[in-house]
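Asker: This structure is in structure tokens; I'll ask about it shortly.
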Amino acid sequence: MYFLVREQNYGKISDIQKQALIEELKGIGADTKERIAIVKKATAGGYKAFYPTKGKTSGDSRKKSQKTRFSNFEERNYNMDDLERQLLGSELRK
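Going by the numbering used here, the letters in the sequence shown line up with residues 52 to 145, in that order.
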């Protein structure tokens, strides 16, 4: 699938280029699961080359925030439109 997308975007790929891409992929991906994720990302993005994925490829890749003693407060809630009006009003009076 990746080779079809690449050929549509960038033209014909020789067998030597295909082999070089496969070797590059083997060097980037640690295991089969990671290599599949790299190829999927390259196919979806229409990339000309393979790039390593960031973070984990399995499960939920979003990091869960760790509780610290500094995060035990309630977040403030501002009315940004009201604050902007106040700021612009004070700018006009100067």
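Idealized CB from N, CA, C, for every residue including glycine.
Quick check on E67: does DSSP put it in helix, strand or coil?
Answerer: Translated into positions along the sequence shown, residue 67 becomes position 16. Glu is not the amino acid found at residue 67; the sequence shown has Ile there. Looking at I67 - three-state DSSP - the assignment turns out to be helix.
Asker: Would you kindly report the start and end of the unbroken alpha helix (DSSP H) that includes A88?
Answerer: Here residue 88 refers to the residue found at position 37 of the sequence shown. A88 -> alpha helix (DSSP H) spans T83 to G96.
Asker: Alpha carbons only, please: which of N130, P103 and Y129 is nearest the one belonging to R86?
Answerer: Sequence index remark: in the sequence shown, residue 86 carries index 35 (1-based). Of N130, P103 and Y129, the residue nearest in Cα terms is P103.
Asker: Out of Y129, V90, N128 and G140, which has the shortest C-alpha to C-alpha gap to K77?
Answerer: For the purposes of this step, residue 77 is identified with residue 26 of the sequence shown, where counting begins at 1. The shortest C-alpha separation from K77 is found at V90.
Asker: Please report the distance separating the alpha-carbon of R127 from that of G62.
Answerer: On the sequence shown, residue 127 is found 76 positions in, with the first residue counted as 1. On the sequence shown, residue 62 is found 11 positions in, with the first residue counted as 1. Taking the straight line joining both Cα atoms gives about 54 Å.
Asker: Would you report the Cα separation of T83 and Q137, rounded to the nearest angstrom?
Answerer: Taking the sequence shown and counting its residues from 1, the one referred to as residue 83 is at position 32. Taking the sequence shown and counting its residues from 1, the one referred to as residue 137 is at position 86. Roughly 57 Å between the two C-alpha positions.
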